[in-house]
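The sequence shown: position 110 = 98 (our numbering), numbered continuously.
No residue lacks a Cβ here, since even glycine has one placed at the ideal position from N, Cα and C.
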Amino acid sequence: MFVNTLAKSPTFAKNPRQLQFEADINRLFLYTSYNRLGRDADEADAEEIIDMAGKASVADQQKQVQENIHSQIKTFCTSMDEILLPDIKKVNELLGSPPQTTAAPRRSGLSFAVGRNGPPSDCPAQLYLRQGH
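Okay, here's the thing in structure tokens:
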């Protein structure tokens, strides 16, 4: 009798895939929210995130997960741009040599490996992502 009552409850009568989706979104919300805080996060922050997860709807959690992941990808791309596309002016200032405006950009080993024949693109990864890719 108790099982029949539970089965009729809208909470427990959901599609198992939907329940798994909601559990996954909740986990992603917790993980990405905590991860976004970085090294400065402490136990109080974790408790606040858990409290927020309990109060937020699945749709709100999903939206926050998307924002958190987007922020983390932007941070990653910015870091990679700084590594892979250093500002030539800064490099020249550090080396103490005069700026070279006519020098052709050097091709990376990766462009040789994948067989790219054209000149390297000046489009950093972050700009590429902003263009809707």
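(request) Classify Leu72 as buried or exposed, calling it buried when 16 or more other Cβ atoms lie within 10 Å of its own Cβ. (result) Taking the sequence shown and counting its residues from 1, the one referred to as residue 72 is at position 84. Exposed is the call here.
(request) Indicate the three-state DSSP secondary structure (helix, strand or coil) for Gln6 in the structure shown. (result) Residue numbering aside, residue 6 sits at position 18 when the sequence shown is read from its first letter. Gln6 sits in a helix when the DSSP states are folded into three classes.
(request) Could you check the C-alpha separation between Arg5 and Leu16 for me, to the nearest Å? (result) Taking the first residue of the sequence shown as position 1, residue 5 is located at position 17. Taking the first residue of the sequence shown as position 1, residue 16 is located at position 28. Answer to the nearest angstrom: the Cα atoms are 16 Å apart.
(request) Have a look at Gln52, Gly26 and Met40 and flag the residue whose alpha-carbon is nearest the alpha-carbon of Phe64. (result) Mapped onto the sequence shown, residue 64 falls at position 76. Checked all of Gln52, Gly26 and Met40; the closest Cα to Phe64 is Gly26.
(request) Could you work out which residue in Gln54, Ile61 and Tyr22 is closest to Pro40 when comparing CA atoms only? (result) Stepping through the sequence shown from its first residue, residue 40 is reached at position 52. Strictly speaking, residue 40 in this sequence is Met, with Pro absent from that position. Shortest Cα-Cα distance from Met40 to any of Gln54, Ile61 and Tyr22 involves Tyr22.
(message) My output table needs one value for Ala32: the three-state DSSP class, helix, strand or coil.
(response) Position 44 of the sequence shown, counting from 1, holds the residue named residue 32. It is helical.
(request) Classify Leu83 as helix, strand or coil using the three-state DSSP reduction. (result) The residue you call residue 83 lines up with position 95 of the sequence shown. Helix at Leu83.
(request) Tell me whether the beta-carbon of Gln49 lies closer than 8 Å to the beta-carbon of Asn14. (result) Working through the sequence shown from its first residue, we reach residue 49 at position 61. Working through the sequence shown from its first residue, we reach residue 14 at position 26. Yes, these two residues count as a Cβ contact at 8 Å.
(request) Could you give the DSSP three-state label for Leu72: helix, strand or coil? (result) In the sequence shown, counting from the first residue as 1, residue 72 sits at position 84. Three-state result, Leu72: helix.
(request) Could you work out which residue in Leu18, Gln60, Val46 and Lys62 is closest to Glu35 when comparing CA atoms only? (result) Residue numbering aside, residue 35 sits at position 47 when the sequence shown is read from its first letter. Nearest of Leu18, Gln60, Val46 and Lys62 to Glu35, Cα basis: Leu18.
(request) Can you have a look at Thr66 and say buried or exposed, based on whether 16 or more other CB atoms are within 10 angstroms of its CB? (result) Taking the first residue of the sequence shown as 1, we reach residue 66 at position 78. Looking at its Cβ environment, which holds fewer than 16 other Cβ atoms inside 10 Å, Thr66 is exposed.
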